[in-house]
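Residue numbers (numbering that gives the first Met the number 0): 0 to 346.
First up is the structure itself, then whatever we jot down about it.
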Amino acid sequence: MTASVGRAPDFLSSYAEPVEAEMRAILTSPDPMLEPLFQILRYHMGWTDRRGSSQRGRGKRVRPVLCLLACEAAGGNPQVAVPAAASVELLHNFSLVHDDIEDKSPARRGRETVWSLWGVPLAINAGDAILILAHQAIHGLRERGLPASSVQEASAVLQSAGRALFEGQYLDLVWEDAPAPTVSEYLVMAERKTAALLGAACHIGAIAAGAEDGPSGLLREFGRDLGLAFQVTDDILGIWGDSAQTGKPVGEDLLRGKKSLPVAFGLEEERRRGEGALAKLLDRPPAQEDLAAAVSLLAELGAPEHATRLAESYLESALGHLSGSGLEREAVSRLEELANYIVHRQA
Ligand code: GRG
């Protein structure tokens, strides 16, 4: 492993580049009347500012790179998997556009969100557009020589990931106004909301390589466990991250009443100790002035340490699927490096 902890691997952007080109081609309209719609989509993808001038503000692109590396690890040519990698990243970005509307989030990646610039109706439509384009994009695998049956299989995996996304999001949303889930209920939600798509990214990469069920299953499980570690890390950053790095307002999750892992654990631990200060504070979404008290109670209850240990244990479990797997060595070492970055990132 060459990258220092928390730093994006050097290869991330070179793997992402062909996927960016594929997505840019998809997010262009030949019809001048519809160009303003596609401009909204390109803004969300982080390629332009709100007026359409070139600007860099994109996400980390970890899902498409996982897809390409999984293809390579299973003995395939990552170029073949580029349309699939694009479809996974588009599905992810669709979910972010809708998530920002649902959460009324003003900022993402340090930039104004689509709904806050163009309003809710156009943002819903923009998200829907990205969703449909994501599902169309995967058929580009056929043009890269993949048999129709494999394209169909990849498409079915993508659809299942979409189903998991809306199921996980449902739980996450309803828990905002409900008593906190237990840690094990939280994990059911995180598996659907986040881990299923990382698992699908790796699974689809393996399908693009024409892999057998054995390696394909290992890669899917690697992605899934990594996805759980990813969501737990996201939750840690949501409370203790530096907002200048995460690009999100301080304390956003807590103020909204989100039952992230530290909250689920903190409340469970507090019940176990027979105490109740945190439960009282989080009985309803806390006011801004109660934020610091809630964060310090979570710390007293050991929530950050518990979350860090859990993320590390899912990372270890993810890496366990790769060791001794017989998958292609160089790609495996890059997957390991990417996995370490995902769990130790600052944004
Ligand atoms: C599929 C019909 C259908 C509905 C989707 C809106 C929704 C339902 C789901 C939202 C799921 C969601 C927002 C999960 C959070 C996952 C997560 C941790 C996102 C952050 O990912 P990063 O850090 O983002 O990779 P960047 O900015 O790097 O792309």
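Backbone N, C-alpha and C fix where the C-beta goes; we use that ideal spot for every residue, glycine too.
Everything numeric in this text was worked out from a predicted model, so none of it was measured.
To which residues of the same chain is residue i closer than 7 Å at the C-beta, ignoring the five residues directly before and after it?
| i | result |
| --- | --- |
| A92 | It should be noted that the sequence gives Asn, not Ala, for residue 92. Closer than 7 Å at the Cβ level, and outside the excluded window around N92, lie H43, M44 and I129. |
| I131 | none |
| V348 | Only positions 0 to 346 of the chain appear in this structure, which leaves residue 348 out of reach. |
| E267 | T181 and V182 |
| F10 | R333 |
| A179 | K258, V262, A263 and L266 |
| R55 | G45 |
| F37 | L26, T27 and S28 |
Compute the minimum distance between the beta carbon of residue i and the heavy atoms of the ligand GRG, and state whether it is under 8 Å.
| i | result |
| --- | --- |
| L68 | no |
| D233 | yes |
| K359 | Outside the modelled stretch of the chain, which goes from 0 to 346, sits residue 359, for which no answer is possible. |
| G58 | yes |
| S86 | no |
| N124 | no |
| H91 | yes |
| L164 | yes |
| Q230 | yes |
| R110 | no |
| E101 | yes |
| V61 | yes |
| L40 | no |
Please report the distance separating the alpha-carbon of residue i from that of residue j.
| i | j | result |
| --- | --- | --- |
| R162 | P31 | 33 Å |
| A177 | H305 | 23 Å |
| A208 | L68 | 10 Å |
| E101 | G216 | 33 Å |
| S28 | A205 | 31 Å |
| Q323 | N76 | As written in the sequence, residue 323 is Gly, which differs from the Gln given in the question. Distance between the alpha carbons of G323 and N76 is about 22 Å. |
| S316 | G222 | 10 Å |
| V96 | R107 | 10 Å |
| E89 | G144 | The residue you asked about is not Glu; residue 89 is Leu in the sequence shown. Each residue's alpha carbon lies about 22 Å from the other. |
| P146 | A189 | 33 Å |
| Y313 | A133 | 28 Å |
| G275 | L197 | 36 Å |
| G273 | Y169 | 31 Å |
In the structure shown, what three-state DSSP assignment does residue i receive?
| i | result |
| --- | --- |
| A7 | coil |
| R181 | For the sequence presented, residue 181 should be read as Thr rather than Arg. Three-state result, T181: coil. |
| S316 | helix |
| S53 | strand |
| A210 | coil |
| A346 | coil |
| T245 | helix |
| E111 | strand |
| A106 | strand |
| L47 | The amino acid at residue 47 is misidentified as Leu; the sequence shows Thr. Correct three-state label for T47: strand. |
| A73 | coil |
| E101 | helix |
| T232 | helix |
| A286 | coil |
| L68 | helix |
With a threshold of 8 Å, establish whether the CB of residue i neighbours any heavy atom of the ligand NAP.
| i | result |
| --- | --- |
| D98 | Summarising the ligand content, the structure contains the ligand GRG and does not contain the ligand NAP. |
Spatial neighbours of residue i within its chain, please: C-beta separation below 6 Å, excluding the five flanking residues on both sides.
| i | result |
| --- | --- |
| I235 | A306 |
For residue i, which residues of its own chain have a beta-carbon under 8 Å away from its beta-carbon, when the five flanking residues on both sides are left out?
| i | result |
| --- | --- |
| T193 | G167, G226, L227, F229, Q230 and D233 |
| H320 | L217, L218, E220, F221 and D224 |
*Would the region 250–262 and the region 289–300 be scored as touching if the rule is three or more Cβ pairs under 8 Å?*
yes
*How about the region 184–191 and the region 152–159: do they share at least three Cβ pairs that are nearer than 8 Å?*
no
*Between the region 111–120 and the region 70–81, do three or more beta carbon pairs fall short of 8 Å?*
no
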